[in-house]
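Residue numbers for the sequence shown follow UniProt numbering, beginning at 1 and rising by one. Worksheet: the structure to be examined is printed underneath.
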Amino acid sequence: MSAAPPLDRLSGILEHFRIRAALHHSGALCGITHFDAGEGYGYLHVLRRGELEVSHPGARTVPRSLRLDAPTLLFYPRPLTHHFHNPPVEGSDFACARLTFEGGAGNPLARSLPPLLVLPLARVPGLEQALELLFSEIDRVRCGQRLLVDRLFEVVVIQLLRWMLDHPQEAGMHPGLVNGLSDTRLARTLVAMHGGPGEAWTLERMAGCAGMSRTAFANTFRERVGQTPADYLTGWRIALAQHRLREGQPIKRLAEELGYANPSALSRAFAAKVGMSPRAWLAMATEAEAAPPAG
Numbered sequence: 001m002s003a004a005p006p007l008d009r010l011s012g013i014l015e016h017f018r019i020r021a022a023l024h025h026s027g028a029l030c031g032i033t034h035f036d037a038g039e040g041y042g043y044l045h046v047l048r049r050g051e052l053e054v055s056h057p058g059a060r061t062v063p064r065s066l067r068l069d070a071p072t073l074l075f076y077p078r079p080l081t082h083h084f085h086n087p088p089v090e091g092s093d094f095a096c097a098r099l100t101f102e103g104g105a106g107n108p109l110a111r112s113l114p115p116l117l118v119l120p121l122a123r124v125p126g127l128e129q130a131l132e133l134l135f136s137e138i139d140r141v142r143c144g145q146r147l148l149v150d151r152l153f154e155v156v157v158i159q160l161l162r163w164m165l166d167h168p169q170e171a172g173m174h175p176g177l178v179n180g181l182s183d184t185r186l187a188r189t190l191v192a193m194h195g196g197p198g199e200a201w202t203l204e205r206m207a208g209c210a211g212m213s214r215t216a217f218a219n220t221f222r223e224r225v226g227q228t229p230a231d232y233l234t235g236w237r238i239a240l241a242q243h244r245l246r247e248g249q250p251i252k253r254l255a256e257e258l259g260y261a262n263p264s265a266l267s268r269a270f271a272a273k274v275g276m277s278p279r280a281w282l283a284m285a286t287e288a289e290a291a292p293p294a295g
């Protein structure tokens with residue numbers, strides 16, 4: 001009997017909810033550098049050489065301070081105020097990118113990640129090659145440099161996500177999507193649901209996809225993901241509806257694609273999940289996008 005093909009646990013999510021990176025700084029930092037959560041960005045910092053002290057004023061979910069003296073990644077998937085103190089000045093390589101998860105707070109991947117991951121560069125297989133190319137591009141100004149650097153930062157984020165899927169305990173994962181995808185049985189169902197959100201996903205079909213009994217599947221899913229399978233499916237469908245409403249898709253087409261009997265059924269599910277109708281939510285989201293950035 002042939003082995004099952006490898007399962008791609010990330011592409012189905014990232015195709016709908018892309019992670020965008022933009023170079024924010026490269027080179028030495030002096031004194032104290034502030035990264036304010038109010039700006040609305042996540043961050044990926046790469047300390048290649050040197051020393052660095054990091055503080056998180058008022059934070060409860062992450063250490064108040066950290067001191068780093070080895071090549072390290074600091075990954076903040078969501079906005080979190082942090083300060084760098086006495087950063088490397090000479091003989092150091094340092095770069096960071098601002099991160100934006102499409103869908104914002106509704107992004108199912110971003111919601112499931114820990115607020116901070118601190119990881120020595122040597123812990124992630126394949127990262128050395130990507131970072132070597134990243135720093136090579138940063139050090140020399142050439143055509144398309146900025147675009148290529150941004151894409152390379154996105155490659156590093158995907159490599160980090162791969163590592164987290166394979167090392168959920170070491171990454172400090174709590175119940176959520178990434179924790180569910182780290183279970184090979186649940187991952188089969190989650191990937192299938194991500195690829196076919198409008199299909200008829202009964203509990204029996206979900207459990208069969210995972211190769212489990214209904215009871216075992218439901219209990220394991222709730223333990224690893226933190227929701228019932230039906231709640232997760234609804235949340236995924238509504239997150240997709242929000243994403244496609246921003247793109248200008250009509251509610252009637254979305255109802256058909258996402259498995260609802262009619263637009264009214266989708267609108268009711270949307271309002272129950274989001275707290276307002278699709279039209280009201282879209283108006284609010286459009287207004288927020290048009291507002292000038294803080295600061």
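Where is the CB? At the ideal position from N, CA and C, for every residue including glycine.
- arginine 253 versus alanine 285: straight-line alpha-carbon distance, rounded: Taking the first residue of the sequence shown as position 1, residue 253 is located at position 253. Taking the first residue of the sequence shown as position 1, residue 285 is located at position 285. Distance between the alpha carbons of arginine 253 and alanine 285: 20 angstroms.
- With 16 other CB atoms within 10 Å as the buried threshold, where does threonine 8 fall? Here residue 8 refers to the residue found at position 8 of the sequence shown. It is aspartate, not threonine, that sits at residue 8 in the sequence shown. Burial call: exposed.
- Query: How should alanine 40 be labelled, buried or exposed, when 16 other C-beta atoms within 10 angstroms of its C-beta is the threshold for buried?
  - Reply: Here residue 40 refers to the residue found at position 40 when the sequence shown is read from its first residue. In the sequence on display, residue 40 carries glycine and not alanine. Exposed, by the Cβ-count rule.
- Task: Indicate whether the contact test is met: 3 or more Cβ pairs, each with one atom in the region 191-205 and one in the region 241-253, closer than 8 angstroms.
- Result: Counting Cβ pairs under 8 angstroms, fewer than three are found: no touch.
- Message: Do aspartate 139 and alanine 22 count as a contact pair if the criterion is CB distance below 8 angstroms?
- Response: Taking the sequence shown and counting its residues from 1, one reaches residue 22 at position 22. Taking the sequence shown and counting its residues from 1, one reaches residue 139 at position 139. Not closer than 8 angstroms, so no.
- Message: Does the region 180-191 come into contact with the region 209-216, if we say contact requires no fewer than three beta-carbon pairs (one atom in each stretch) closer than 8 angstroms?
- Response: yes
- According to DSSP, residues forming a beta bridge with phenylalanine 75: By one-based count along the sequence shown, residue 75 stands at place 75. Secondary-structure assignment with DSSP links phenylalanine 75 through a beta bridge to Leu44, Leu117.
- Can you have a look at methionine 193 and say buried or exposed, based on whether 16 or more other CB atoms are within 10 angstroms of its CB? Along the sequence shown, one-based indexing puts residue 193 at 193. Label assigned to methionine 193: buried.
- Message: Closest to threonine 72 by C-alpha separation, out of Glu51, Glu137, Ala269, Gly144, would be which residue?
- Response: Your numbering for residue 72 matches position 72 in the sequence shown. Nearest C-alpha to threonine 72: Glu51.
- Cβ neighbour criterion (16 or more within 10 Å) applied to cysteine 96: For the purposes of this step, residue 96 is taken as residue 96 along the sequence shown, with counting starting at 1. Classification of cysteine 96: buried, given that the 10 Å Cβ count is 16 or more.
- Query: Measuring CA to CA, which of Phe75, Arg268, Thr33 is closest to histidine 83?
  - Reply: Numbered from its first residue, the sequence shown carries residue 83 at position 83. Nearest option by C-alpha distance: Thr33.
- What three-state label does DSSP hand alanine 130 in the structure shown? As a first step, residue 130 must be located in the sequence shown, where it is residue number 130. Helix.
- Using a threshold of 8 angstroms, state whether the C-beta atoms of alanine 130 and valine 156 are closer than that. Working through the sequence shown from its first residue, we reach residue 130 at position 130. Working through the sequence shown from its first residue, we reach residue 156 at position 156. Contact: yes.
- Query: Considering only residues of the same chain and omitting the five flanking positions on each side of glycine 126, which have a CB-CB separation below 7 angstroms?
  - Reply: The residue labelled residue 126 in the question sits at position 126 within the sequence shown. Residues of the same chain with a CB within less than 7 angstroms of the CB of glycine 126, apart from the 5 flanking positions on each side, are Gln159 in chain order.
- Please name the residue, chosen from Arg48, Leu44, Asn219, that lies closest to threonine 100 on a Cα-to-Cα basis. Residue 100 sits at position 100 when you count from the first residue of the sequence shown. It is Leu44.
- Query: Which residues does DSSP pair with glutamate 53 in a beta bridge?
  - Reply: Here residue 53 refers to the residue found at position 53 when the sequence shown is read from its first residue. According to DSSP, which records beta bridges pairwise, glutamate 53 is partnered with Arg67, His85.
- Which of the three DSSP states, helix, strand or coil, is assigned to serine 26? Your numbering for residue 26 matches position 26 in the sequence shown. Strand.
- Does the region 63-70 come close enough to the region 13-21 that 3 or more CB-CB pairs lie under 8 angstroms? no
- Expected contact under 8 angstroms - CB spacing of alanine 218 and threonine 228 to nearest Å: Within the sequence shown, numbered from 1, the residue matching residue 218 stands at position 218. Within the sequence shown, numbered from 1, the residue matching residue 228 stands at position 228. Contact flag correct, Cβ pair sits at about 7 angstroms.
- Residue nearest to proline 115 in terms of C-alpha spacing, selected from Met173, Leu133, Arg162: As a first step, residue 115 is located in the sequence shown; it is residue number 115 there, counting from the start. Comparing Cα-Cα distances from proline 115 to each of Met173, Leu133, Arg162, the minimum goes to Met173.
- For alanine 230, name the three-state secondary structure that DSSP assigns. By 1-based counting over the sequence shown, the position of residue 230 is 230. Alanine 230 falls in the helix class under three-state DSSP.
- Task: Measure the alpha-carbon distance for arginine 146 versus arginine 162 and round it to whole angstroms.
- Result: Counting from one through the sequence shown, the residue named residue 146 turns up at place 146. Counting from one through the sequence shown, the residue named residue 162 turns up at place 162. When rounded, the distance between both Cα atoms is 25 angstroms.
- Message: As a quick exercise: from Ala271, Ser264, Leu47, pick the residue whose alpha carbon is nearest that of alanine 122.
- Response: Against the sequence shown, residue 122 aligns to sequence position 122. Just measuring C-alpha positions, the residue of Ala271, Ser264, Leu47 sitting nearest alanine 122 is Leu47.
- Message: Please classify methionine 276 as buried or exposed, where buried requires at least 16 neighbouring CB atoms within 10 angstroms.
- Response: Counted from its first residue, the sequence shown places residue 276 at position 276. Exposed: under 16 other Cβ atoms inside 10 Å.
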